[in-house]
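Colleague:
2 protein chains.
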Amino acid sequence: MAQKYTTREEDYSKWYNEIVQRADLAEDSGVRGCMVIKPYGYAIWEKMRDILDAKFKETGHSNAYFPIFIPKSLFEAEEKNAEGFAKECAVVTHHRLIDDPDNKGKLIVDPKAKLTEELIVRPTSEAIIWSTYKKWIQSYRDLPILINQWANVVRWEMRTRIFLRTAEFLWQEGHTAHQTKAEALAETELMNNVYAEFAEKSMAMPVIKGEKSDSERFAGADATYTIEAMMQDGKALQAGTSHFLGQNFAKAFDVKFADKEGKQEYVWATSWGVSTRLMGALIMTHSDDEGLVLPPAIAPIQVVAIPIYKKDEDLAAITEKIDELSAKLKAKGISFKFDDDDNRRPGWKFAEYEAKGVPVRLAMGMRDLENGNIEVARRDNKTKEVLPFDGVDAHIESLLEDIQSNLYNRALEFRKNNIRPIDSYDEFKVKIESEGGFFLAHWDGTEETEKQIKEETKATIRCIPFDREEETGECIVTGKPSAGRVIFAKAY
Amino acid sequence: MAQKYTTREEDYSKWYNEIVQRADLAEDSGVRGCMVIKPYGYAIWEKMRDILDAKFKETGHSNAYFPIFIPKSLFEAEEKNAEGFAKECAVVTHHRLIDDPDNKGKLIVDPKAKLTEELIVRPTSEAIIWSTYKKWIQSYRDLPILINQWANVVRWEMRTRIFLRTAEFLWQEGHTAHQTKAEALAETELMNNVYAEFAEKSMAMPVIKGEKSDSERFAGADATYTIEAMMQDGKALQAGTSHFLGQNFAKAFDVKFADKEGKQEYVWATSWGVSTRLMGALIMTHSDDEGLVLPPAIAPIQVVAIPIYKKDEDLAAITEKIDELSAKLKAKGISFKFDDDDNRRPGWKFAEYEAKGVPVRLAMGMRDLENGNIEVARRDNKTKEVLPFDGVDAHIESLLEDIQSNLYNRALEFRKNNIRPIDSYDEFKVKIESEGGFFLAHWDGTEETEKQIKEETKATIRCIPFDREEETGECIVTGKPSAGRVIFAKAY
């Protein structure tokens, strides 16, 4: 069992794949680019989903569900959006299989069952939703519409990577309709803030809020806000985006409303989403060479207890004591597991829950029991201590809070150490390779320069940070005037 | 606004469609056979989903997620299953769109982006899941696997009907793997019981548990257990099914395990599911000519309060009082809405919440306030009374329980009045048309007889009830011996 695992130092990408496997989160399916999300991975996604869902509802949104298929004529209506996704669309063309006449027991697509109009498997739902909103919106009284949907989407990506870029993924997509530009912009910002708060408070993952440059904007949007996180290899991961869609979809689908004066106006729109990609962000923000590290707020199991015993009567005595603690922890809303599986040895279990990132691991043997003690180990910094059993429930409660904030602070510290202003393009080209991380650089605001930097360094503009300092300067490439620094980094 | 609605008596089918619309539950989308589930309808589905999900977890199951696409070669592996669904498969054949050279701004399917193997949009997931389980199962230690998935599925039905039969629908599908036949059969029964309990306790919908006849069995199963409910027009609705799959999928995908003696055995399987079809069952079990009627256990809003006022200061006084009540109800876990929308009159609101099936509606005017009273109306039997405000929270709590059991008892009473033994086929043929309902009849156990009855009367065998009385007899059609009565009915 003493398998040798890859360290982050050795091969970050291989380390990532091994963590996914060791923590039993997901695996590649037999279907090109599609993943199977395994129970433990799905349990983490459920925790994230439930927290986000509650935040959406608190901010006035309701869930609904729209068809997975988008008829081609609707899909192509908003041209920029269609153009942006056309290259990666799964297309349904037929609706029946029949027996293969040449091959008993096999099936072929029935050529007679060709659809008169092809159906696109949704890569995003603006088109189908705005063709529906057209039916729902007549007057200002019908606005705002604040709807979210939890769904699967399909984008036929050429290179896939588990959680980070898969052909099918799970996500939520909010789609809202408003009377005014100001209201839609406020919604765009609100939801970007909801994502940021979720990332920082629940995932313990610091993010930088900002706006995307024109070339990185969502296809069909007038502005895209983003939250950008730094992974442990210094690369950026776009963790969530919120789009101000202007009146683009309203115009494509002719969605107008009568305002209070009876005048017909096009409706203003936003859309916003996060996906199972967050699972990848989670892994790469906190995990270490021993396995996954989970922030308590989204850990399916927050505390695991492992009995150490030889005789059945010892197990019975330990179980009685642990049951006491279990009741107290559950009353505090802490999710607790007692692993008394007789088929596995304690050492195997220790490694298993370490690999799965369970924040707190307890162990109790007969010596502990006799001395009124219990061993408490924390996953984040791998320290452990033997503590009096009495009152340990309160200790664990504060320990979980401590782990949550420690993980956040650790990630924030890491980001601080790996984000730096840079004023020379030559230096930038060297350091993006040798050191990585985020670079705050002046940029002349043109797509050409952005493209040149991308081609020469693989770094892209992650965002124009909302909270950047007021500082004019000169573009590191062209020397032309710049209104302020933007963040460059290589990205997932 | 005094729109005339269709009554159940006049046209049951039209009434159903109008309820879906009046309660704002769902609508047909522009996409053939696919529906849009609107926020209020989705909120009911969420309530049902959350209750079921908790029951699945209590019974030891975990959620996971498997790909939406099934490569044709996997799909056709289990022949009976493939044959059963082949006629209604949406098939993805291409993965890219390109600009239409003849039509600026339009897109066409790129003929160069043809998939080497077609992908079936899952109509059910046994094939993709068992091809995955093959990788997960080596030894008896890997068993049982108890997994559920919440997902969308697509079946290209010829005739669609909102919620009841749609091309795309939402559902859950459990897929379990076991060492022994007995264990798999026990799981099949357990999950059918979970469905029955959910239907009766949460949906207040009485069901009959039983086994399907061979011809009504799930494609690929050795046995299908079902819960059958009676709708208000006397027709049956299959509300959930649980399948004992034997070793069929294990053999199709070569999934074996080493037992404790090291012998290789095929794995035993079950699968079970309920879908958004339950929304249709819910509507047709309880609703009346005034709109939807919801059992409190699955009502997104259990109590609504409507203020009746002229002056702003009256509204303020009423609001203060209602806020008091709101806090008390929320503390009891009762979902409460105060509708103080100034744009709508009380009469409009009364009709609106009646149409939406909110179980308890409160109203308070200045007279009530002065007298320390509040009006309490129940949706199920449309009675109302003026009660002292003090202590009304406790009254409402017991009222909700009362409504829940009243709805169940009413539906049970209706079913009792519409289920009858029948011993003459001539009489059966007349009564299935004139009276409808469920008929308990002797049947010789052959597919031929079943088929003949279906062709001549449109009635099918809904199930062989588990709790049927021990009674041998003669088939109503052929006079051949019968082991007991089975249920015949027309069905949705």
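Here the protein sequences come in this chain order: A and B. Residues in the first sequence are numbered from 286 upward in steps of one, following our numbering. Residues in the second sequence are numbered from 286 upward in steps of one, following our numbering. By construction, the Cβ of each residue, glycine as well, lies at the ideal position given by its N, Cα and C atoms.
Say whether chain A places a C-beta atom closer than 7 Å to the C-beta of tryptophan 633 of chain B.
Modeller: Looking up residue 633 of chain B in the second sequence gives position 348. No - not a single Cβ of chain A is within 7 Å of the one on tryptophan 633 of chain B.
Colleague: What does aspartate 573 of chain A pair with, by DSSP beta-bridge criteria?
Modeller: Within the first sequence, the letter at position 288 stands for residue 573 of chain A. According to DSSP, which records beta bridges pairwise, aspartate 573 of chain A is partnered with A:Gly576.
Colleague: Could you name the residues of the same chain whose beta carbon sits closer than 7 Å to that of isoleucine 688 of chain B, not counting the 5 residues immediately before and after it, in chain order?
Modeller: Walking along the second sequence from the start, residue 688 of chain B turns up at place 403. So the qualifying residues of the chain are Pro581, Pro644, Arg663, Asp665.
Colleague: Taking the C-alpha atoms as reference points, what is the distance between lysine 606 of chain B and leucine 600 of chain B?
Modeller: The residue given as residue 606 of chain B occupies position 321 in the second sequence. The residue given as residue 600 of chain B occupies position 315 in the second sequence. Cα-Cα distance, rounded: 10 Å.
Colleague: Is isoleucine 336 of chain B helix, strand or coil when you go by DSSP?
Modeller: Here residue 336 of chain B is taken as the residue at index 51 of the second sequence, counted from 1. Correct three-state label for isoleucine 336 of chain B: helix.
Colleague: Closest Cβ-Cβ distance between serine 620 of chain B and chain A: below 7 Å?
Modeller: The sequence position of residue 620 of chain B within the second sequence is 335, counting from 1. Chain A, which has no Cβ nearer than 7 Å to the Cβ of serine 620 of chain B, makes this no.
Colleague: What does tryptophan 228 of chain A pair with, by DSSP beta-bridge criteria?
Modeller: The shown model of chain A, from 286 to 777, leaves out residue 228 of chain A, and the question about it has no answer.
Colleague: Please go through the same chain and pick out, in chain order, the residues whose beta-carbon is closer than 7 Å to the beta-carbon of threonine 763 of chain A, but skip the five residues on each side of it.
Modeller: Within the first sequence, the letter at position 478 stands for residue 763 of chain A. Once the five neighbours on either side are set aside, the close Cβ partners of threonine 763 of chain A are Asp729, Thr734.
Colleague: Run through DSSP, which three-state label would lysine 669 of chain B get?
Modeller: Residue numbering aside, residue 669 of chain B sits at position 384 when the second sequence is read from its first letter. Strand at lysine 669 of chain B.
Colleague: Using a C-beta to C-beta distance shorter than 8 Å, which residues of chain A count as neighbours of leucine 779 of chain B?
Modeller: Outside the shown range of chain B, which is 286 to 777, sits residue 779 of chain B, and nothing can be said about it.
Colleague: Of the residues B:Tyr350, B:Phe534, B:Lys466, B:Ile432, which one's Cα is nearest the Cα of leucine 455 of chain A?
Modeller: As a first step, residue 455 of chain A must be located in the first sequence, where it is residue number 170. Among B:Tyr350, B:Phe534, B:Lys466, B:Ile432, the Cα nearest to that of leucine 455 of chain A is on B:Tyr350.
Colleague: Could you compute how far the alpha carbon of lysine 615 of chain A sits from the alpha carbon of lysine 634 of chain A?
Modeller: As a working mapping, residue 615 of chain A is identified with position 330 in the first sequence. As a working mapping, residue 634 of chain A is identified with position 349 in the first sequence. The alpha-carbon atoms of lysine 615 of chain A and lysine 634 of chain A are separated by roughly 22 Å.
Colleague: Report all residues from its chain with a CB closer than 8 Å to the CB of aspartate 573 of chain B; omit the five preceding and five following residues, and keep chain order.
Modeller: Sequence index remark: in the second sequence, residue 573 of chain B carries index 288 (1-based). Contacts found: Arg293.
Colleague: So, does the CB of tyrosine 510 of chain B fall closer than 7 Å to a CB anywhere in chain A?
Modeller: On the second sequence, position 225 is the one that residue 510 of chain B refers to. Chain A contact via Cβ: absent.
Colleague: Could you give the distance in angstroms between the alpha-carbon of methionine 476 of chain B and the alpha-carbon of aspartate 338 of chain B?
Modeller: Numbered from 1 along the second sequence, position 191 holds the residue referred to as residue 476 of chain B. Numbered from 1 along the second sequence, position 53 holds the residue referred to as residue 338 of chain B. The straight-line gap from Cα to Cα measures roughly 12 Å.
Colleague: I'd like to know if the segment 416-428 of chain B and the segment 382-401 of chain B are in contact, where contact means that at least 3 CB-CB pairs between them fall below 8 Å.
Modeller: No, because fewer than three Cβ pairs between the segment 416-428 of chain B and the segment 382-401 of chain B fall closer than 8 Å, the two stretches do not touch.
Colleague: In the segment 366-384 of chain B, which residues sit with their C-beta less than 9 Å from some C-beta in chain A, listed in chain order?
Modeller: Residues Ala367, Glu368, Phe370, Ala371, Lys372, Glu373, Cys374, Ala375, Val376, Val377, Thr378, His379, His380, Arg381, Leu382, Ile383, Asp384.
Colleague: Using only CA atoms, which one of B:Asn691, B:Leu692, B:Thr745 lies nearest to isoleucine 717 of chain B?
Modeller: Within the second sequence, residue 717 of chain B is the residue found at index 432, counting from 1. Of the candidates B:Asn691, B:Leu692, B:Thr745, the one whose C-alpha sits nearest the C-alpha of isoleucine 717 of chain B is B:Thr745.
Colleague: Specify whether the segment 510-521 of chain A and the segment 699-715 of chain A touch according to this definition: at least 3 beta carbon pairs, one from each stretch, less than 8 Å apart.
Modeller: Yes: the two stretches touch, three or more of their Cβ pairs being nearer than 8 Å.
Colleague: Counting pairs of Cβ atoms below 8 Å between the segment 349-369 of chain A and the segment 303-317 of chain B, do you hit three or more?
Modeller: Contact between the segment 349-369 of chain A and the segment 303-317 of chain B is present, because at least three Cβ pairs lie under 8 Å.
Colleague: Does the separation of the CB atoms of glycine 505 of chain B and asparagine 533 of chain B fall below 7 Å?
Modeller: Within the second sequence, numbered from 1, the residue matching residue 505 of chain B stands at position 220. Within the second sequence, numbered from 1, the residue matching residue 533 of chain B stands at position 248. Contact: yes.
Colleague: Using a Cβ-Cβ cut-off of less than 8 Å, give me the residues of the segment 510-539 of chain B that come near chain A, in sequence order.
Modeller: The residues in question: there are none.
Colleague: Could you give the residue range of the alpha helix (DSSP H) that holds methionine 490 of chain A?
Modeller: The residue labelled residue 490 of chain A in the question sits at position 205 within the first sequence. Looking at the DSSP string, methionine 490 of chain A is not in any alpha helix (DSSP H), and its letter there is neither H nor E.
Colleague: Note down the Cα distance separating aspartate 597 of chain B from aspartate 624 of chain B, rounded to an integer number of angstroms.
Modeller: Sequence index remark: in the second sequence, residue 597 of chain B carries index 312 (1-based). Sequence index remark: in the second sequence, residue 624 of chain B carries index 339 (1-based). Each residue's alpha carbon lies about 15 Å from the other.
Colleague: Going by beta carbon distance, what residues of the same chain come within less than 6 Å of leucine 692 of chain A, once the five residues before and after it are set aside?
Modeller: Position 407 of the first sequence holds residue 692 of chain A. Excluding residues within five positions, the ones whose Cβ falls inside 6 Å are Ala489, His571, Pro580, Asp665.
Colleague: Is there a C-beta anywhere in chain B that falls below 7 Å from the one on isoleucine 336 of chain A?
Modeller: Against the first sequence, residue 336 of chain A aligns to sequence position 51. Judged by the 7 Å Cβ criterion, isoleucine 336 of chain A is not in contact with chain B.
Colleague: How would you label glutamate 686 of chain B, buried or exposed, when you count the other beta carbons within 10 angstroms and need 16 or more for buried?
Modeller: For this step, residue 686 of chain B is matched to residue 401 along the second sequence. Glutamate 686 of chain B should be labelled exposed.
Colleague: Enumerated in chain order, which unbroken segments of the alpha helix (DSSP H) with a length of 4 residues or greater are wholly contained in the segment 288-343 of chain A?
Modeller: DSSP runs (the alpha helix (DSSP H)) wholly in the segment 288-343 of chain A: 297-307, 324-343.
Colleague: Classify proline 585 of chain A: buried if its beta carbon has 16 or more other beta carbons within 10 angstroms, exposed otherwise.
Modeller: Against the first sequence, residue 585 of chain A aligns to sequence position 300. Classification of proline 585 of chain A: buried, given that the 10 Å Cβ count is 16 or more.
Colleague: To which residues of the same chain is asparagine 658 of chain B closer than 7 Å at the C-beta, ignoring the five residues directly before and after it?
Modeller: In the second sequence, counting from the first residue as 1, residue 658 of chain B sits at position 373. For asparagine 658 of chain B, where only same-chain residues beyond five positions count, the Cβ hits under 7 Å are Val671, Leu672, Pro673, Phe674.
Colleague: Residues of the segment 441-460 of chain A in Cβ contact with chain B at a cutoff of 7 Å, in chain order, please.
Modeller: For the segment 441-460 of chain A, which is checked against every Cβ of chain B, the residues closer than 7 Å are Trp441, Glu453, Leu455.
Colleague: Using CA atoms only, rank isn't needed, just tell me which of A:Ile322, A:Glu609, A:Pro352, A:Arg562 is closest to isoleucine 413 of chain A.
Modeller: Looking up residue 413 of chain A in the first sequence gives position 128. Closest option to isoleucine 413 of chain A, Cα to Cα, is A:Pro352.
Colleague: Please list, in chain order, the chain A residues whose beta carbon lies closer than 8 Å to that of leucine 392 of chain B.
Modeller: The residue labelled residue 392 of chain B in the question sits at position 107 within the second sequence. Per Cβ cutoff of 8 Å: Lys357, Phe360, Glu361, Ala367, Ala371.
Colleague: If I follow the unbroken beta strand (DSSP E) through valine 588 of chain A, where does it start and stop?
Modeller: Along the first sequence, one-based indexing puts residue 588 of chain A at 303. Taken as a continuous stretch (DSSP letters only), the beta strand (DSSP E) holding valine 588 of chain A covers 588-592.
Colleague: Using DSSP with H/G/I as helix, E/B as strand and the rest coil, what is valine 645 of chain B?
Modeller: Position 360 of the second sequence holds residue 645 of chain B. Looking at valine 645 of chain B - three-state DSSP - the assignment turns out to be strand.
Colleague: Straight-line CA distance for lysine 397 of chain A to aspartate 544 of chain B?
Modeller: Locating residue 397 of chain A in the first sequence gives position 112, counting from the first residue. Locating residue 544 of chain B in the second sequence gives position 259, counting from the first residue. Their backbone Cα atoms lie some 48 Å apart in a straight line.
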